[in-house]
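K.L.:
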Amino acid sequence: MLTDDYNPHAGRMLQVLDQDGRIVEPSLEPDIDPEVLRKAYRIMVLARVADEKAVILQRQGRLGAYPPNRGQEAASLGPAMATGQEDWFVWAFRELTGLLWKGLPLKSYYLSWMGNEEGSRYPEELKVTPSTIPVGSQLPIAVGIAYASSYRQEGKIVLAFCGDGATSEGDFHEALNTAGVLKTANVFVVQNNQWAISVPRSRQTAAPTIAQKACAYGFPSIQVDGNDLLAMYIATKEAAERARRGDGPTLIEAYTYRLGDHTTSDDAKKYREEAELKEWEPRDPLIRLKAYMMSKGLLDEKGDEAIWNEAKEFVEKSVEQAEAVPGPTLDDVFVHTYAEMPPELSEQLEKHRRFMTGGER
Ligand SMILES: Cc1ncc(C[n+]2csc(CCOP(=O)(O)OP(=O)(O)O)c2C)c(N)n1
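Sequential numbering from 487 applies to the sequence shown in the working numbering.
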């Protein structure tokens, strides 16, 4: 078991690819179909281009506040690849690559960050919940989904993401404690990107690793190089198999780095040393996967250029599609919360409509 071999208490972090894309543990190299690897790389490039475009759109006033994903592309993609289409993907707000793997239309992603609730109306079969801004609040929901799935004997796994900052929330404790007791089929992925806005990892917890927190909840965990797609893939595969066998949850700490600002409202230069950024830039998950693919003969420079061009074209088209959708109305505040509106909310909606048409002042 990887969770035994890489016991977080022993201070070992799982890594398959080093920062130059070389295999460091040949026995752990997963046998991934070349076409699947090519798709993974295309999605990572698409996420990078789409993410940079989102920041530009925000600066131009065409999109709301946005949390950049740059540098964290492997941490949600590996887990998405290692689980099935029928499994749930419960995200926080920095998991674009995993979403694209699941098949979320990029147009929807842009629409939701443009403040249009229609962007969060995902196709049912994707098994993706909307983004969750209240930090950590998606975790108890993820445990509830897993519990419901086992009650209905559906056999689905529920991947749930959060950041290092979220591990200090009560919701994190409540969710992981309940998951341990009920042995739910959850795989928790903490994207430890070293910062929670301006709070560094060292101020978040006195525990040497975030992974080891699972010990207190009675289930296994592992710290993984979160910029290594292959390591994230094999760690999640093992966790998913454990969950599918009915042996309960796993906590994966994806050790990564947020190369961008916290959101477009933030300026990380105010609290972060430039030297730290420079240290992490060469560990970029895209550079690493590209080098690996090239060494395996699965990619060349010409092919790479074509992938970037295709991504840029697709991003432009998706932005156009999102901007063609009529803007949100004030009614959306009421209509997107419940499948069936409860009576007190319908009353408020009626009141709001009368007010808007001047009938009630
Ligand atoms: C309950 C709650 N408290 C505070 C905030 C403001 N806030 C938004 S993101 C964030 C930091 C989250 O850090 P982390 O969980 O590490 O995720 P990251 O942003 O680094 O991906 C905070 C404090 C919030 N959205 N929700």
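Ideal placement from N, C-alpha and C gives every residue a C-beta, glycine not left out.
Values in this document were obtained by computation on a predicted structure and should not be read as measured data.
1) Could you tell me whether any non-hydrogen atom of ligand 1 is closer than 8 angstroms to the CB of residue 792?
2) How far does the alpha helix (DSSP H) with residue 542 in it reach, from first residue to last?
3) Of all the options 570, 688, 798 and 554, which has the alpha carbon lying nearest to the alpha carbon of residue 729?
4) Going by DSSP, what residue range makes up the beta strand (DSSP E) through residue 740?
5) Give, in chain order, every unbroken run of the beta strand (DSSP E) that is at least 3 residues long and sits entirely within the stretch 618 to 654.
6) Anyone know if the C-beta pair for residue 505 and residue 768 falls short of 9 angstroms?
7) Return yes when the Cβ of residue 576 is within less than 9 angstroms of the Cβ of residue 631, no when it is not.
8) Any idea if residue 673 is buried or exposed, counting beta-carbon neighbours within 10 angstroms, 16 or more meaning buried?
9) Does the Cβ of residue 681 lie closer than 8 angstroms to at least one heavy atom of ligand 1?
10) Which residues in the same chain as residue 749 place their Cβ atom closer than 7 angstroms to its Cβ, once the five residues preceding and following it in sequence are excluded?
11) Let me confirm a value: residue 593 is counted as buried when at least 16 other C-beta atoms fall within 10 Å, else exposed. Which label applies?
12) Based on Cα-Cα distance, which residue from 622, 686 and 607 lies nearest to residue 615?
13) Just to confirm, are residue 634 and residue 734 a CB contact at a threshold of 9 angstroms?
14) Is the stretch 648 to 661 touching the stretch 677 to 696 in the sense that three or more CB pairs, one from each, lie closer than 8 angstroms?
15) Is it the case that the CB of residue 623 approaches a heavy atom of ligand 1 more closely than 8 angstroms?
16) Can you tell which of 745, 532 and 718 has the C-alpha that lies nearest to the C-alpha of residue 737?
17) On the criterion of 16 or more Cβ atoms from any shown chain inside 10 Å, does residue 770 qualify as buried, or is it exposed?
P.N.:
Taking the geometry as given:
1) Residue mapping note: residue 792 aligns to position 306 of the sequence shown, counting from 1. Answer for residue 792: no, Cβ out of range of ligand 1.
2) Mapped onto the sequence shown, residue 542 falls at position 56. Unbroken alpha helix (DSSP H) run through residue 542: 520 to 545.
3) Taking the first residue of the sequence shown as 1, we reach residue 729 at position 243. Among 570, 688, 798 and 554, the Cα nearest to that of residue 729 belongs to 570.
4) Walking along the sequence shown from the start, residue 740 turns up at place 254. Here the beta strand (DSSP E) through residue 740 covers 736 to 741.
5) 644 to 649
6) For this step, residue 505 is matched to residue 19 along the sequence shown. For this step, residue 768 is matched to residue 282 along the sequence shown. Result yes, Cβ atoms of residue 505 and residue 768 sit closer than 9 angstroms.
7) For the purposes of this step, residue 631 is identified with residue 145 of the sequence shown, where counting begins at 1. For the purposes of this step, residue 576 is identified with residue 90 of the sequence shown, where counting begins at 1. The answer is yes: Cβ separation under 9 angstroms.
8) Within the sequence shown, the letter at position 187 stands for residue 673. Answer is buried; the Cβ neighbour count reaches 16.
9) Counting from one through the sequence shown, the residue named residue 681 turns up at place 195. Yes, since a heavy atom of ligand 1 falls inside the 8 angstroms radius drawn around the Cβ of residue 681.
10) Within the sequence shown, numbered from 1, the residue matching residue 749 stands at position 263. 551, 552 and 553, listed in sequence order.
11) Counting from 1 along the sequence shown, the entry for residue 593 is found at position 107. By the neighbour-count rule (16 or more Cβ atoms within 10 Å), residue 593 is buried.
12) Taking the first residue of the sequence shown as 1, we reach residue 615 at position 129. Nearest option by C-alpha distance: 607.
13) To locate residue 634, count along the sequence shown from 1; it is residue 148. To locate residue 734, count along the sequence shown from 1; it is residue 248. Contact flag unset, no.
14) yes
15) Residue mapping note: residue 623 aligns to position 137 of the sequence shown, counting from 1. The answer is yes for residue 623.
16) Against the sequence shown, residue 737 aligns to sequence position 251. Ranking the options by Cα distance to residue 737, first place goes to 718.
17) One-based indexing of the sequence shown puts residue 770 at position 284. Classification for residue 770: buried.
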